[in-house]
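Participant: Take the sequence shown: its letters are residues 3 to 642, numbered as in the numbering used here. We treat Cβ as the ideally placed atom computed from N, Cα and C, and that holds for glycine. Below: one structure in structure tokens.
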Amino acid sequence: MASHICALITRFVALAILISYTIVHGKPLYSDKAPVTVLTSEDQLLDEYDYIVVGGGTSGLVVANRLSEDSDVTVLILEAGPFVPDPLPIEFQAPYFAKSNPRFAEYAFPIWSSEPNKELFNRTASVVAAKVIGGGSAINGMVFGRGGPKDYDAWEKLGNKGWGWKDMKKYFIKSETFTPPTEKQQRELNITWDPATHGTSGPIHASYPPVIYTFQKDFLDAVKKWNIPQSHDQAENAVGALWYPNALDPANNTRSYAYTGYLQPLINKRPNLHLLADRTVLKIITSPTPNDSGVIAKGVEFAKNKESKVSTIKAAGIILAAGALHTPKLLQLSGFGDRAFLASKGITSRKTQHLPGVGENFQDHATIKVAHSIPNLTEAQTGLQMDTNTTYRSEMLSLYLQNRTGPYTVSLGNAGSYLAMLHIMYDSQLTLWLIPSLLASNASTHLSPSSPQPYHKGYERQLQTLITDMTDRSSAFFKASSSGVFSIMKPLSRGHVRIASSDPWDPPAVNYRTLSHPADLDLFMYGIDFMRYVFSSLPFPSVETSPYAGIPFDGSEYNQGWLKKLIRENVVVGMNHACCTAAMGRREEGGVVDERLRVYGAAGLWVVDASVMPLIPAAHLAATVYAVAERAADLIRGRI
């Protein structure tokens with residue numbers, strides 16, 4: 003009886019909301035054809051929305067959720083990829099599939115090739131971008147760590163008030179529900195954390211899997227032998243040997259991501275929030291301001307595929323959350339970018355806004371692998387059978403399907419060492435060689451010859467900020483992993499993302515420009531040396547098997563030449579952590595959005611995804627993207 007009364011009350015409240023909205027706005031909150039969140043056709047759309055969110059990925063779902071908390075605000079999400087209904091496929095649930103998902107192609111744009119990288123002997127790289135509700139958080143490695151305070155303070159130093167750690171911390175906490183490791187994990191693995199840095203009621207779960215391979219502890223212990231301290235998990239003290247959680251729901255050991263946290267609980271329960279999937283936004287519709295000083299965003303053009311009809315939908319505000327590869331593409335197609343470059347692609351409307359920074363400043367975490375062979379390690383140490391024994395893997399999948407335990411709860415691991423500059427080189431090498439050489443060089447010479455001049459000013463300020471942090475042991479610049487992977491987490495090289503043509507169905511032209519700043523190549527050589535020291539400090543013998551094996555880092559011109567050649571041949575251009583291509587900053591320094599994430603030269607247009615980061619943090623990006631999007635929602639709503 004009580005449940006029946008509650009249901010009646012709920013229906014009455016919903017009806018009251020609909021009636022009040024109709025009275026105020028002169029139209030129903032949704033058409034009689036679409037009393038649901040997930041739409042299936044254009045016929046179900048309203049004539050106009052308060053906000054259109056372009057991209058139903060990590061940031062887009064956060065912002066759509068928060069904006070639609072106001073019941074009189076209508077929000078439409080347009081996503082190029084599919085909506086995957088409940089029950090979610092096992093490939094979305096089991097963390098092991100973060101390593102290798104057999105259905106990956108269904109949930110990503112067709113993989114395309116980057117432009118040739120001059121410094122890598124003109125090698126190209128495969129470019130990957132998620133195309134599914136939940137975006138990158140649906141298919142990433144599930145590592146859930148934050149950058150250190152210095153990473154976000156650097157954003158603020160570049161002129162972005164309110165984006166330092168002091169202001170960002172609460173948004174990291176707001177997005178998270180943290181579950182501590184078990185007592186056994188605390189005792190045997192020495193996992194520690196600071197409760198004051200974690201959230202307890204956010205949409206995204208952060209926890210440790212029931213299975214943690216112990217070689218990770220052996221690696222951290224070896225790192226600590228080189229005077230590198232152990233820190234709490236990667237929540238605030240993000241430098242040193244540390245453990246970090248996964249985006250994992252401990253109730254059932256499944257992936258926790260933007261869909262499960264921010265959209266799934268709202269489906270058919272929030273009538274002012276609509277989602278239309280499998281729709282690609284082609285262009286932002288704008289009109290000139292009365293004095294012709296800029297433009298006003300009015301809506302978007304979109305279509306299901308290249309052969310289908312192009313539709314339009316109006317909104318008072320357009321929010322770009324298409325990701326660091328597609329947001330700059332959409333801006334350029336819509337007339338925002340370097341005017342000369344746009345004209346070369348046939349985009350010459352008088353509404354064009356000269357924003358030279360669009361698509362510049364592209365950053366990712368480049369990596370090398372200093373692999374070692376370690377005989378006689380056990381399954382408990384490495385989980386090797388999961389990668390080599392198909393029968394065992396099949397048995398473990400059955401176990402996971404039965405009770406959500408076993409090795410299928412493990413994604414990409416939970417331990418790494420985040421290193422400051424002074425962890426991999428001596429003070430004299432840093433202060434008497436690296437920093438003076440950086441200060442003496444002309445920063446602009448390391449940018450692409452086609453990079454517009456205003457961006458050069460912004461890049462010079464970035465370098466000054468990074469150089470200041472190089473002597474600080476609380477600022478991480480590198481990551482070393484037990485797999486032998488060494489990553490530059492704050493590269494000095496910069497790439498770019500630009501439209502290949504005026505055809506919106508063409509993928510963007512992506513140029514990583516990895517190692518275009520020569521200091522990155524030198525730093526990788528120090529990384530090889532560091533990894534060798536660590537593996538030599540393990541409690542059991544190891545033999546280096548990487549391409550660099552047998553070549554000492556001894557300062558000789560011959561050996562350094564060989565190492566540099568091998569690094570160029572083998573470096574991986576990124577970890578699919580694309581960011582920074584519509585950077586927050588001063589317009590005259592190549593900034594694309596201001597500190598409130600408003601696109602310069604446009605009213606009613608925001609960017610809320612990883613594009614807005616001016617500098618890449620020393621962390622996997624998911625946790626930072628959630629925090630950026632949470633803050634973005636507060637900015638758009640006028641709460642801050």
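For the alpha helix (DSSP H) that Ser61 lies in, which residues bound it at each end?
Facilitator: For Ser61, the enclosing alpha helix (DSSP H) has its first and last residue at Thr60 to Leu69.
Participant: Note down the Cα distance separating Lys176 from Leu525, rounded to an integer number of angstroms.
Facilitator: 36 Å
Participant: Going by DSSP, what residue range makes up the alpha helix (DSSP H) through Leu191?
Facilitator: Counting along the chain, the alpha helix (DSSP H) containing Leu191 begins and ends at Glu185 to Leu191.
Participant: Around the Cβ of Gly563, are there at least 16 other Cβ atoms within 10 angstroms (buried) or fewer (exposed)?
Facilitator: exposed
Participant: Using only the alpha-carbon positions, how far apart do Thr467 and Leu399 sit?
Facilitator: 48 Å
Participant: Determine the DSSP secondary structure at Arg125, reduced to helix, strand or coil.
Facilitator: strand
Participant: In this structure, how does DSSP classify Glu462 when only helix, strand and coil are distinguished?
Facilitator: helix
Participant: Please report the Cβ distance between Leu432 and Leu424, rounded to the nearest whole angstrom; I am assuming they are in contact, meaning their Cβ atoms lie under 8 Å.
Facilitator: About 6 Å separates the CB atoms of Leu432 and Leu424; that is less than 8 Å, so the two are in contact.
Participant: How close, in whole Å, do the beta carbons of Val130 and Val512 come, if the pair is a contact with beta carbons under 8 Å?
Facilitator: About 10 Å; that fails the 8 Å criterion.
Participant: Between which two residues does the alpha helix (DSSP H) harbouring Thr291 extend?
Facilitator: It is not in any alpha helix (DSSP H) - Thr291 carries neither H nor E in the DSSP assignment.
Participant: Mind reading off the beta-carbon distance from Ile349 to Ser504? Whole number of angstroms is fine, and I expect it under 8 Å.
Facilitator: 6 Å between Cβ atoms; contact.
Participant: Do we get a CB-CB distance below 9 Å when we pair His448 with the residues of chain C?
Facilitator: Going by chain labels, chain C is absent from the structure shown, which holds only one protein chain.
Participant: Using CA coordinates, which residue listed in Ala249, Gly592, Tyr261 and Thr329 is at the minimum distance from Tyr461?
Facilitator: Gly592
Participant: So, using beta-carbon positions, are Leu332 and Val56 closer together than 9 Å?
Facilitator: yes
Participant: Going by DSSP, what residue range makes up the beta strand (DSSP E) through Trp608?
Facilitator: Where Trp608 is concerned, the enclosing beta strand (DSSP E) stretches over Leu607 to Val609.
Participant: Tell me which residue opens and which closes the beta strand (DSSP E) that Trp245 is part of.
Facilitator: Gly242 to Trp245
Participant: Nearest by alpha-carbon distance to Leu617: which of Arg125, Tyr154 and Ile54 is it?
Facilitator: Tyr154
Participant: For the pair the stretch 617 to 627 and the stretch 383 to 395, tell me if three or more CB-CB distances fall below 8 Å.
Facilitator: no
Participant: Return helix, strand or coil for Arg633, following the three-state DSSP convention.
Facilitator: Arg633: helix per DSSP, three-state reduction.
Participant: So, do the stretch 215 to 226 and the stretch 172 to 187 have three or more beta carbon pairs nearer to each other than 8 Å?
Facilitator: Segments in contact, no.
Participant: Looking only at DSSP bridge pairs, what is Val55 linked to?
Facilitator: Looking at the DSSP assignment, Val55 forms a beta bridge with Ile79 and Ile321.
Participant: Relative to the C-alpha of Thr60, which residue among Leu322, Ala373 and Leu278 is closest?
Facilitator: Of the candidates Leu322, Ala373 and Leu278, the one whose C-alpha sits nearest the C-alpha of Thr60 is Leu322.
Participant: Which of helix, strand or coil does DSSP assign to Asp251?
Facilitator: strand
Participant: Identify, in the order they occur along the chain, each residue of the same chain with its Cβ nearer than 7 Å to the Cβ of Pro252, setting aside the five sequence neighbours on each side.
Facilitator: Within the same chain, Pro252 has close Cβ partners Thr181, His207 and Ser209.
Participant: For Ile638, does the count of other Cβ atoms within 10 angstroms reach 16, so buried, or fall short, so exposed?
Facilitator: buried
Participant: Could you tell me the alpha carbon to alpha carbon distance between Pro37 and Ala585, rounded to whole angstroms?
Facilitator: Caution applies to Pro37, whose pLDDT of 48 falls short of 50 and renders its modelled position unreliable; the value that the coordinates give is listed next. Straight-line Cα distance between these residues: approximately 38 Å.
Participant: In terms of alpha-carbon separation, which member of Glu185, Ser375, Ala605 and Leu403 lies closest to Ala317?
Facilitator: Ala605
Participant: Do Ala140 and the ligand ADP come close, with the Cβ less than 8 Å from some heavy atom?
Facilitator: The model on display carries no ligand, and the ligand ADP is accordingly not part of it.
Participant: Please report the straight-line C-alpha distance between Tyr514 and Arg189, rounded to a whole angstrom.
Facilitator: 43 Å
Participant: Indicate whether the contact test is met: 3 or more Cβ pairs, each with one atom in the stretch 148 to 166 and one in the stretch 475 to 492, closer than 8 Å.
Facilitator: yes
Participant: Can you tell me the Cα-Cα spacing of Ser33 and Ala243, whole angstroms?
Facilitator: Low confidence applies to Ser33: its pLDDT is 40, below 50, so where it sits in the model is not reliable, and the reading given next is rough at best. CA-to-CA, the gap between Ser33 and Ala243 works out to about 55 Å.
Participant: Give the secondary structure of Gly497 by DSSP, where H, G and I count as helix, E and B as strand, and everything else as coil.
Facilitator: In the three-state reduction of the DSSP assignment, Gly497 falls in the strand class, which pools E and B.
Participant: Only counting the same chain, and skipping five residues up and downstream in sequence, which positions put a Cβ closer than 7 Å to that of Arg105?
Facilitator: Pro91 and Glu93
Participant: Fully enclosed by the stretch 115 to 182, which alpha helix (DSSP H) runs are 4 residues long or longer?
Facilitator: 138 to 141, 151 to 159 and 167 to 176
Participant: Within the same chain, show all residues whose beta-carbon is closer than 6 Å to that of Asn255, passing over the 5 residues directly before and after it, in chain order.
Facilitator: Arg406 and Thr411
Participant: Using three-state DSSP, classify Tyr394 as helix, strand or coil.
Facilitator: helix
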